[in-house]
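**Q**
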Amino acid sequence: MKTTPLIQKLFINHGQTRKLSKKYSLLYQGEVSRYAYFVKSGCLRMWYNDCDNDITVKFFIPGDVVASLESFYQETPSKFGLESIVPTVVMAVSKTVFTEQLDISVAFKDEILAISISCMADYQNLFLNRIMTNPEERFRLLMEQSPQLFQLIPHHYIASYLGITPVSLSRIRKRVESINNC
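Residue 2 is where the sequence shown starts when you use the working numbering, and the numbers rise one by one after that.
1) Which of helix, strand or coil does DSSP assign to Thr97?
2) Going along the chain, which residues of its own chain have a beta-carbon closer than 8 Å to the beta-carbon of Ser163, five neighbours each way excluded?
3) The alpha helix (DSSP H) spanning Phe12 covers which residue range?
4) Report the rounded CA-to-CA distance for Ser30 versus Glu76, giving the unit in angstroms.
5) Within 10 angstroms of its Cβ, does Ala37 collect 16 or more other Cβ (buried), or is it exposed?
6) By a C-beta neighbour count over all protein chains shown, 10 Å radius and 16 as the cutoff for buried, is Cys52 buried or exposed?
7) Report all residues from its chain with a CB closer than 7 Å to the CB of Tyr1; omit the five preceding and five following residues, and keep chain order.
8) Quick check: Thr89 and Leu45, are their CB atoms within less than 8 Å of each other?
9) Using CA coordinates, which residue listed in Ser34, Ile8, Phe128 and Val40 is at the minimum distance from Gly64?
10) Have a look at the DSSP bridge pairing and note the partners of Lys20.
11) Need the endpoints of the alpha helix (DSSP H) that Ile173 sits in, please.
12) For Thr100, is the classification buried or exposed, using 16 other Cβ atoms within 10 angstroms of its Cβ as the cut-off for buried?
13) If you draw a straight line from the C-alpha of Met133 to the C-alpha of Ile56, how long is it?
14) Tell me whether Ala122 sits in a helix, a strand or coil according to DSSP, three-state version.
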């Protein structure tokens, strides 16, 4: 989720900078999420493992804030893992600090509520996108909305995000490129 100046200020004032190597796990599936992260550089992915099938749920790029929300707020085991795809720099804020800000700042609470609602809408749209569009339509939509991801992220993660195999992604890319070059 994109952040606001007030939320960025929380990370600047209270966050700890962490430099992550490629494929570093910030959170494992089944762990309780104790931190929220602001992505300064690089890229994180939220993923789910279903019977050894690795499914990328969302990518987070510079300017985004990420946490396994249900786990973070309810202190339950996370259904998702969170890892860096490339060398990444994040700022981490503990749940304790985050909760203190919610308690003392109405403006902060209002912004978190607005961002949480926006995040829920994004996930609803992602769900509908998965059931209402075919892989090529999902590919085109991702290219329109986030073309920078194709330069930053290995294509097997993009294939996982789109719900297809890397081979299918390659075929779709070639087909779309040939149509666009006509």
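Ideal placement from N, C-alpha and C gives every residue a C-beta, glycine not left out.
**A** Judging by the given coordinates:
1) The three-state reading of DSSP puts Thr97 in helix, counting H, G and I together.
2) Reading off the sequence, residue 163 comes out as Leu, not Ser. So the list reads Pro136, Arg139, Phe140, Leu143 and Leu170, once near-sequence residues are dropped.
3) First-last of the alpha helix (DSSP H) with Phe12: Pro6 to His15.
4) Sequence inspection shows Gln at residue 30; the Ser mentioned does not correspond to that position. Whole-angstrom Cα-Cα distance: 13 Å.
5) Burial is judged here by how many other beta carbons sit within 10 angstroms of a residue's own beta carbon; Ala37 has at least 16 and is buried.
6) Within 10 angstroms of the beta-carbon of Cys52 lie fewer than 16 other beta-carbons, which makes it exposed.
7) Missing from the structure shown is residue 1; the chain here goes from 2 to 183 and no further.
8) A contact, by the Cβ cut-off of 8 Å.
9) The shortest Cα separation from Gly64 among Ser34, Ile8, Phe128 and Val40 belongs to Val40.
10) Per the DSSP secondary-structure output, Lys20 pairs in a beta bridge with Val90.
11) Segment Pro167 to Asn181, the alpha helix (DSSP H) holding Ile173.
12) Note on Thr100: under 16 other CB atoms within 10 angstroms of its CB, so exposed under the neighbour-count rule.
13) Taking the straight line from one Cα to the other gives about 18 Å.
14) Here Ala122 sits in helix by DSSP.
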